[in-house]
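Novice: Okay, handing you the structure first.
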């Protein structure tokens, strides 16, 4: 009888805990519908702070801002250095126009960590030389010129390093050989000019944008201009950033110009019209070393503080726009989820960490640093949740079979929290554990065997959102993030993270990953063929 009473008391105690949890979840949902601050936070991050590459003052400002918010909400805060850049970069305003033809305003951008102009600079336009013969012919026109180069902008600047010079030198040498052969073909064709059946085609030269980059810089060009599809996408100087010093910085602007304007200017130059362009590009560098940081908002667990649930997104963003979709739409809902949990009176059993990662755009630097530093904690991470796919609304999560019942219970309130966005739990087919880093911050955790999830999303309201349109482009701005989607994302984050933190057990990792498949290149005995 005594044992029965103990069992009954334990059952009532468990029911009381679940009732408490249900009460907090209900308050989270209610607050998410009546007092949701997601778009307020996004406005502050994107419109007050703006684009925020690691190495910029804007990124440092974003870290300070996020840490202050966590403190205001009553959370513990940790700001952790995770890397250092040899120099930093700040982007200022940029402007350009075509002076010689009615002052047409030019639409362009430049990659981060590339040079700006030396004040307002004006100059005529020439087409780049594609052979030594052409270089000799126009060398007197290069000083003070803007040079139209070939190729199509892919976001990256031209490689101005010694390695880039060496690669171009090999192409120049190859083209020199082709020119010798073409001279013999021209002579042959001239000698047989009356015989069309004997005429030979010239061998095409190897095409390479800015093939004579170093020679043109030394001749005194103002900068190079390349055609860019719309919207304009610019990234950063990934080839040279780790080697930059204050004494060795890029020296000329690398301009990515609206393809329509580029085509017009190129045609005029080919017609030997005199075209004058003016640019004012305020790209500025910071003396290094420049450290960069992850920032963590922490809600300490009441019963199992050494067990963790991590939620977040990357705080850094490219600076050609304001980094709203990529990745304010991931960082801000994670922050608002924490605020909702705190305001709802949540007391999770496990510690919840809202992690705002640094340097995702430079290669998952912040999340990789966390995984490497905290190896001993990885077995105690129940789950890591990451949002980095744009501002569409989360409507499902795919989990392995062993987690399905837990997530079904946790997510049940989300099925009806917002009738427009019913949430589903999907049983996932296990896939092999990734061996190589992917494109977002969940990847280092998955590689380490930690359950790491990205919610499935939908453009449920049909707002015609296109991630390809904003990804790393000039259009990644605040108004591209639908408020209803963003607000609900915060609620989903809060409910799911709080639920996982209050489970009576860590999430099971059974069947999280499929067994490794044999390498197709392996023979029957496991040796390479």
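Residue numbers (this note's numbering): 1429 to 1957. Idealized CB from N, CA, C, for every residue including glycine.
1) Would you identify the three-state DSSP class for residue 1669, choosing helix, strand or coil?
2) Where does residue 1941 sit, in a helix, a strand or coil, going by DSSP?
3) Would residue 1638 pass as a contact of residue 1577 if the rule is Cβ separation under 7 angstroms?
4) Count the C-beta pairs between the region 1784–1794 and the region 1504–1513 that are closer than 8 angstroms, then say yes if the count reaches three, no if not.
5) Output the distance between the C-alpha atoms of residue 1943 and residue 1860, rounded to the nearest integer angstrom.
6) Pull up the DSSP beta-bridge partners for residue 1816, would you.
7) Residue 1746 by DSSP, collapsed to three states: which one?
8) Tell me which residue opens and which closes the alpha helix (DSSP H) that residue 1688 is part of.
9) Skipping 5 residues on each side, what residues in its chain have a beta carbon closer than 8 angstroms to that of residue 1463?
10) Below 7 angstroms between beta carbons: does that hold for residue 1767 and residue 1929?
11) So what's residue 1905 in DSSP terms, helix, strand or just coil?
12) Would you grab the beta carbon distance between residue 1835 and residue 1921 for me? Rounded to a whole angstrom, and I think it's under 8 angstroms.
13) Tell me, please, whether the region 1578–1596 touches the region 1652–1660 by the rule of three or more beta-carbon pairs shorter than 8 angstroms.
14) Determine the contact status of residue 1545 and residue 1649, defining contact as a CB-CB distance below 7 angstroms.
15) Compute the Euclidean distance between the alpha carbons of residue 1726 and residue 1910, then round it to the nearest angstrom.
16) Considering just the uninterrupted stretch of the alpha helix (DSSP H) at residue 1487, what are its terminal residues?
17) Taking DSSP's pairing of strands, which residues face residue 1664 in a bridge?
18) Three-state secondary structure (DSSP) at residue 1780?
19) Output yes or no for whether 7 angstroms exceeds the beta carbon distance between residue 1574 and residue 1551.
20) In its own chain, which residues sit with a C-beta less than 7 angstroms from the C-beta of residue 1871, not counting the 5 before and 5 after it?
21) Report yes if the C-beta distance between residue 1712 and residue 1869 is below 7 angstroms; otherwise report no.
22) Anyone know if the C-beta pair for residue 1664 and residue 1539 falls short of 7 angstroms?
23) Classify residue 1603 as helix, strand or coil using the three-state DSSP reduction.
24) Return the bridge partner residues of residue 1736 from the DSSP annotation.
25) Using the three-state DSSP reduction, which class does residue 1852 fall into: helix, strand or coil?
26) Nearest-angstrom Cα distance between residue 1939 and residue 1495?
27) If you follow the beta strand (DSSP E) that residue 1514 is in, where does it begin and where does it stop?
28) Who does residue 1708 pair with in a DSSP beta bridge?
29) Alpha carbon to alpha carbon, how far is residue 1518 from residue 1621?
30) Based on Cα-Cα distance, which residue from 1904, 1683, 1874, 1892 lies nearest to residue 1941?
31) If residue 1584 and residue 1754 are in contact, beta carbons under 8 angstroms, what's the gap, nearest whole angstrom?
32) With C-beta atoms as the reference, is residue 1472 less than 7 angstroms away from residue 1660?
Specialist: Put simply:
1) helix
2) strand
3) yes
4) yes
5) 6 angstroms
6) Answer is none; residue 1816 lacks a bridge partner.
7) coil
8) 1687–1698
9) 1771
10) no
11) coil
12) Contact flag wrong, Cβ pair sits at about 14 angstroms.
13) yes
14) no
15) 28 angstroms
16) 1485–1500
17) 1540
18) strand
19) yes
20) 1792, 1862, 1865
21) no
22) yes
23) helix
24) 1779, 1809
25) strand
26) 37 angstroms
27) 1504–1526
28) 1523
29) 60 angstroms
30) 1874
31) Incorrect: roughly 17 angstroms between the Cβ atoms, too far for contact.
32) no
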